[in-house]
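Reviewing the structure listed below.
Chains as they are written, first to last, in my numbering: chain R, 35 to 428; chain D, -9 to 325.
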C-alpha cells in the first residue's frame, strides 16, 4: 500500500497545510503511516446509519468516504406495486423529520398527473402543517448540532418544542410521526375546532421563548463560536456545483428557495423572507436555521389568520387511474429540495416513482469538505447538512 | 485492652486505619457524586433525574453498583490484558492517594507531609499513565486517539496547574497543606482566592482539564470518539474508571478549597465550630463540585488544537506574569 518516500508538494486545504492531503499513501518525514478508522454505522453520534471510512493523519482527516445503504428499504420499488393513495404512508418513512413535506411532495406530483381541484382550506391546512413540521425539524437540528459539539443540554430544550408540536400533530392527524394526513385532492380531515387556537397559543409562547432558549444561550458562547466559525466552509460555486439545496446552500449566500422560486400551494399568497448568510460555515447554517424557524412562525400565523372555511377534500373518483404521463412535485423540505417524479402508465399503480431527497444530495458535501478538517469537526459538518437516515437511504 | 489501644496509637497502624477511612470516604463520595451529577443534570435539563429507587431515587447509586458488579467483564480479543486490566487500577490509586494529605478539620489529616503540594502534583500526574494504558491496552483506534488526546492534555495542563500553585507557596513559605490552611485565617477576605484571584481562575480551569471534565473532556469526546480511552471497558473495570473520574473530581474540588478557599476555616470568626469545622470544608468542596457539574451540563467541548492553544498561549503566560507580580508585591510589602 505504501509507496516510496517521494516528496509531494504540500497543499493547503481549509487553511491547514498537509503533505498527506496531496497524496495519502505517502509517509511523512518521520516515516509515519496514516490510521484507517471506521466511523459508524453504529456510532452513537452519527446521524442515522451512516458509515464514514476515514483516513487520519494524527487528528487531521485526510480522506473521508461516506458509505450509505444501511437503511435501504426499496421505497421506490415498493411504490410501484401500490395504488396511488397507498404510497402516501410510505413517503412518511422517508425523511422522518419532514414527513409532512414528503407527503406533500408526492401528493403534488400525483395531482400534477390528475389535474384535480384542491379546496383552498385544504391548501392552507397543508401549508400550516408543513411549516409546523419545519419548526419541528429545524429546532431539534440545533440541538443535534450542540450535541455534536459536546453540549448535552440544548437538545432537551429542543425536544420539548418538538414534543409540543407532535402533540398538535397527534390531535390533528392521529399520529405523532407517520401521519398519512395529506391526501390526493386535499387532507384527511378538517382541523379539530379547538386546534387553531392551541396552535396560535403555542406559537405565541414559542416566539417569546425563542430568543432566550435557542439564541442567547448558544450564539454568544465563545466555545460554540470557536468550534463552528470557519468549520466546513464552502464557496458559493462549490455549493452550486454539488447541487446543494436548503440551508446548506443558503448559508453560502445563494438566494434560492423552492417556496418562492417555484411556488406551489398557497405560498405566493403568504409573506416570508428567504434567509441567506454569507459565511457558508457551520455557524452560518445555524443562523440560517434559527431565522428560518422564525419565518415559519410568521407563516403559521398568516395561515391561521387567512384560513378560509369550506371543504378539505376535492372531488375524486374512488379509484385513481391517471392518464399516461409524468407528474412532478417539488417542495422545500427543512433539509432542501424534496422532489418527486411519478410516471403513470394508465393503470392504478404508478409505473415509476422517484424521490430526490435533500439528505442524499447534500451528503456529497462530506467527501469534498471534510478532508483537511480535524476529526472532531466531522460532527459539526454533519450538523451543517443535518441529514436524516431515512432520507438518504429511501 | 490496653495493648490494643497502644497498638492503635502506633504510627503505621494509625495510618492504615486512617487510609481505610479515606478509601471508604472516597468510594462513597464517588457514588454520591454520580447521583448528584445525574440529579443536577436532570434539573438543568427540565427533567427529574433518577427518582425510582428509594425515596426520590436516593438508592440509585446502590442499584448502579449492583448492576456493575454483576455485569460480565468483556475484554477485546486482541487486548493486551495486563495493561488493559491494570489501567483502571492505575487511574484509581492516584485519585485516592492524594486525599491523605488534605486536612479535613483542625488536626484531621492522615499524613501531614511537609511536601504535600509536591506530593499532590506528583501523584495526580500518574493519572495520565492510566489513560495511556487504557487507550493502548484496548487496541482500538478510538481508544488510541482518546489516550493520545488524554496524555497530551493532562501533561499540558499540569504546567499551568503547578505554576498557579507557586504563588501560594511563595505567600505561605511552606509546601504543607496544613500550613497553607492555617495561614489563611478565619475570615473569608483573608483566604488566598482574593490576593491570588487570577491564579484561582487558572487553577480552576487547569483542574477542570486535569480531571477531564467538559469543556475539556476530549479524551472521552463521546460525539466523535465515543468514550475515548474507556470505550472497551465494561462492568467492574468501567466502574473503577468512573469511580476514579469522580474521585479525582472530588479531589480537585477539595484541593481548590484547601488552597484558595481556606480549607476548613470558617468564613467568619464567630462561625468557628472547633472540631466540627469539617462542615465548612464539606460545604466549600460541595460548592466547587457543583460548579464543575454546572459547567459539565451547559458547555460544548473544545477542539484539541484550541485546547493546546489555550493552555500554552494563555494560561502559562498568565501564570508567569502573575508570579512576577506576586514576587514584586512581596518584595515591596514585606510580610
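Using N, Cα and C, we set each Cβ at its ideal position, and we do this for glycine too.
All values derive from a computational prediction rather than experimental measurement.
Your pair residue 267(D) and residue 95(D) checks out as a contact, with CB atoms roughly 5 Å apart and the cut at 8 Å. Counting C-beta pairs closer than 8 Å gives fewer than three between the segment 234 to 241 of chain R and the segment 251 to 268 of chain R, which falls short of the contact rule. Distance from the CA of residue 28(D) to the CA of residue 233(D), rounded to the nearest whole angstrom, comes to 15 Å.
At a cut-off of 9 Å, the C-beta of residue 211(D) has a neighbouring C-beta in chain R.
Against residue 291(D), the close residues of chain R are 183 and 184, in the order they occur along the chain (beta-carbon pairs closer than 7 Å).
Note on geometry: alpha-carbon atoms of residue 109(D) and residue 88(D) lie some 7 Å from one another. The shortest CA-to-CA distance from residue 20(D) to any of 229(D), 57(D) and 141(D) is the one to 229(D). Cβ contact annotation for residue 287(D) (same chain, cutoff 6 Å, sequence separation greater than five): 31 and 34, in chain order.
Going by beta carbons, residue 417(R) and residue 130(R) fall outside the 9 Å limit. DSSP places residue 188(D) within a helical segment (H, G or I) once states are collapsed to three. Checking the DSSP bridge columns, you'll see residue 316(D) has no partner listed. Contact residues of the segment 188 to 201 of chain R toward chain D are 190, 191 and 194 (C-beta to C-beta distance below 8 Å).
Bounds of any beta strand (DSSP E) do not take in residue 141(R); it lies within the alpha helix (DSSP H) bounded by 133 to 148.
For chain D, none of the residues of the segment 269 to 286 of chain R brings a beta carbon within less than 7 Å of one of its beta carbons. CA-CA distance, residue 319(R) to residue 83(R), rounds to 23 Å.
For a Cβ distance threshold of 8 Å, nothing in chain D lies close to residue 423(R): the least Cβ distance comes to about 17 Å.
Think of a sphere of 8 Å around the beta carbon of residue 400(R): no beta carbon from chain D falls inside it, the nearest being about 14 Å out.
The secondary-structure analysis by DSSP pairs residue 360(R) across a beta bridge with 377(R). Under the three-pair Cβ rule at 8 Å, the segment 328 to 341 of chain R does not count as touching the segment 257 to 271 of chain R.
Within the DSSP secondary-structure output, residue 89(R) pairs in a beta bridge with 70(R) and 97(R). Residue 253(D) sits close to residue 171(D), with the two beta carbons spaced by under 9 Å. Listed along chain D are 212, 213, 214 and 216, each with a C-beta nearer than 8 Å to that of residue 79(R).
For the 9 Å CB-CB criterion, residue 93(R) and residue 410(R) form a contact. Against chain D, a Cβ distance below 9 Å from residue 93(R) picks out 135, 138, 139, 293, 294 and 295. Within 10 angstroms of the beta-carbon of residue 12(D) lie 16 or more other beta-carbons, which makes it buried. Comparing alpha-carbon positions, the option among 204(D), 277(D), 200(D) and 57(D) lying closest to residue 85(D) turns out to be 200(D). In this chain, the alpha helix (DSSP H) harbouring residue 322(R) covers 316 to 340.
Remark: fewer than three beta-carbon pairs, one from each stretch, lie closer than 8 Å, so the segment 371 to 384 of chain R and the segment 397 to 408 of chain R are not flagged as touching. Annotation: the continuous beta strand (DSSP E) that includes residue 388(R) extends over 386 to 390. Chain R has a Cβ within less than 9 Å of the Cβ of residue 132(D). Closer than 8 Å at the C-beta level to chain D, one finds these residues of the segment 252 to 266 of chain R: 255, 257, 258, 260 and 261. Per DSSP, reduced to three states, the secondary structure at residue 80(R) is coil, with no helix or strand assignment. With respect to residue 155(R), residue 421(R) sits apart: the two C-beta atoms are not nearer than 9 Å.
If you draw a 10 Å sphere on the C-beta of residue 248(R), you find 16 or more other C-beta atoms in it, and that means buried.
Look at residue 221(R) here: in three-state DSSP terms it is strand. With contacts defined as CB atoms closer than 9 Å, residue 99(D) and residue 91(D) qualify as a contacting pair.
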